[in-house]
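Residue numbers (our numbering): 25 to 595. Have a look at the structure below before the remarks.
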């Protein structure tokens, strides 16, 4: 391979003057690796990349690495040589910026240099420092080898010099990866010709096996860029799909450890990623104070909460009864739910059950503004207050609806003609006629008893006096106990707790949020963990650790676990 003219660029090693030469002791290599070293060395000799050297002060060992295709790759351990060289501070382009700049173009071409680093020659006096040892002889590189400390910076400097007029206009380059971008096919041919002429001018070579010309999308620096923008990398998506579930206790612990390590970053990752945050060194104190002053006084414009639309309908026939719910939100979001009733229900009961199920679904999604549509005039007028509810069981339904609607910032219910509620009606009929074992295309549920017969239990009820009461009151409305000492303790404890979705959680440094339990719930959790279906009658210390791994917390769990184990007859 001809290579770049050394008068234009060559790689130099700026070794510290006080650095002592290091000659590594030859390492033993297995039989298969010895043959691979001979083959790779002969290839380099035939290509003119290396030459034999007899006297050298620097000497490194070769390291054989097996590629994914089964072939061997010969690398040189330049650890000692790299320590003796200062780092070249030549700036490499930001990958995020390159990906953003290369996306959204109609026509793309991806180029890859052939043996990229090997196209740059070494500075002749520095060739002897790249010497390496083999079973046959010692050799040194005539071209710039891989694994050198500043090889990437040297190659990036070459590319920036060669394509100084094209980069940012119709070309993006990251070391040896190049992408040509144009808005139309005709312009792409002209730009491609311009880039190839520059390559030919400086005697550079491309690897045709890794080049793609005139495509609309391809992977670039680990990202999938297309004419529509940046898309998910299919290889990474497939890796997640193919990831097998944990098969034993050790793999479960390994997975839990990884999740615990990321627990502090995952909850806010989506919010932080949209701002493009990057690290910058701290500037002068005066500038920082000015920036803080501006940031503090900058008014924030609250975003208006978008309204959701709920369609509900009940249906009954000879095969049974059911309900259909459709919840429509912003960005074309739609949730469909079909519910089958395993009890005899009147038409009004079906409509109320459908409305309650829809309100519960909207509450679980986190909806704040809701507009409900139903083709039952009786239900809409009773909930709206225009009609009086006389039947006792409908009064109980109406009370439950009022309790659920109070959780929304804005709620409106209106009567619509049946023609505008066709989809919900079809879902209600589908729920009552669905055959067992049939493939489900929508979410389906079965309700065995009327909703007013179910007992609702709040996990964190502030009306019950437990160890959580003072913390709950302080976090919700700022109320503290009258005793100053107790108030100080509550204020200090509360910083370790938070309220999410109406429940109290304890924060952790290396664990996810832990759900706080009252004494009755704690007793049930200890029973399940100690002697439940997955229980193993573990000791108190191990039992308390399993409670935390399960995601629960209460302040006396260690002593409670110890007392529970002592009372267990099987233990």
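Ideal Cβ positions, reconstructed from N, Cα and C, are used throughout, including at glycine. Only a predicted model underlies this, so the values are computations on that prediction, with no experimental measurement involved.
- Exposure of residue 262 is indicated by the presence of fewer than 16 other C-beta atoms within 10 angstroms of its C-beta.
- Boundaries of the beta strand (DSSP E) harbouring residue 97: 96–100, taken from the DSSP string.
- Its chain contains 183, 187, 191 as the residues whose beta carbon lies nearer than 7 Å to that of residue 197, once the 5 sequence neighbours on both sides are disregarded; these appear in chain order.
- According to DSSP, residue 439 shares a beta bridge with 398.
- Membership of residue 191 in any alpha helix (DSSP H) is not indicated, and neither H nor E is assigned to it by DSSP.
- The criterion of a C-beta distance shorter than 7 Å is satisfied by residue 347 and residue 363.
- Judged by their CB atoms, residue 369 and residue 345 are nearer to each other than the 7 Å cut-off.
- Inclusion of residue 177 and residue 114 in the CB contact set at 7 Å is warranted, their separation being smaller than that value.
- The three-state reading of DSSP puts residue 551 in helix, counting H, G and I together.
- Secondary structure at residue 332: strand, using DSSP grouped into helix, strand and coil.
- Rounded to the nearest angstrom, the Cβ distance from residue 350 to residue 358 is 7 Å, consistent with a contact under 8 Å.
- Within a 10 Å sphere around the beta-carbon of residue 580 sit fewer than 16 other beta-carbons, which makes this residue exposed.
- The closest CA to that of residue 594, considering only 513, 34, 551, is found on 551.
- Nearest in C-alpha terms to residue 233, of all of 85, 106, 136, is 136.
- Residues 114 of the same chain have their beta carbon placed closer than 6 Å to that of residue 181, with the five preceding and five following residues left out of the count.
- When secondary structure is reduced to three states using DSSP, residue 417 falls in the helix class.
- Excluding the 5 residues flanking it on each side, residue 280 has same chain C-beta neighbours closer than 7 Å at 573, in chain order.
- DSSP places residue 266 in the uninterrupted alpha helix (DSSP H) bounded by 258–266.
- Exclusion of the five residues before and after residue 422 leaves 406, 407, 413 as the residues of its chain whose Cβ lies within less than 7 Å of its Cβ.
- Residue pairing by DSSP puts residue 145 in a beta bridge opposite 167.
- Check the Cα spacing between residue 415 and each of 124, 590, 372: the tightest is with 372.
- Between the stretch 97–108 and the stretch 201–219 there are fewer than three inter-stretch CB-CB distances shorter than 8 Å, so the stretches are not counted as touching.
- For residue 585, there is no enclosing beta strand (DSSP E); the residue is found in the alpha helix (DSSP H) stretching over 581–591.
- With respect to the C-alpha of residue 525, the residue from 498, 537, 87 having the closest C-alpha is 537.
- For residue 348, DSSP records a beta bridge to 337, 362.
- It is roughly 6 Å from the alpha-carbon of residue 133 to the alpha-carbon of residue 236.
- Note on geometry: alpha-carbon atoms of residue 401 and residue 365 lie some 22 Å from one another.
- A straight-line Cα-Cα distance of about 36 Å links residue 84 and residue 243.
- In the three-state DSSP reduction, residue 70 falls in the helix class (H, G or I).
- Beyond the five residues adjoining it in sequence on each side, residue 80 comes within less than 6 Å, by CB distance, of 152, 155 in the same chain, given in chain order.
- Sequence-distant partners of residue 563 (beyond 5 residues in either direction) whose C-beta falls short of 7 Å from its own C-beta, in its chain, are 589.
- Under the 10 Å beta carbon count, residue 38 is surrounded by fewer than 16 other beta carbons and is classified as exposed.
- Within 10 angstroms of the beta-carbon of residue 397 lie 16 or more other beta-carbons, which makes it buried.
- Residue 449 and residue 352 have their C-alpha atoms some 16 Å from each other.
- DSSP places residue 86 in the uninterrupted beta strand (DSSP E) bounded by 84–90.
- For residue 225, the enclosing alpha helix (DSSP H) begins and ends at 209–225.
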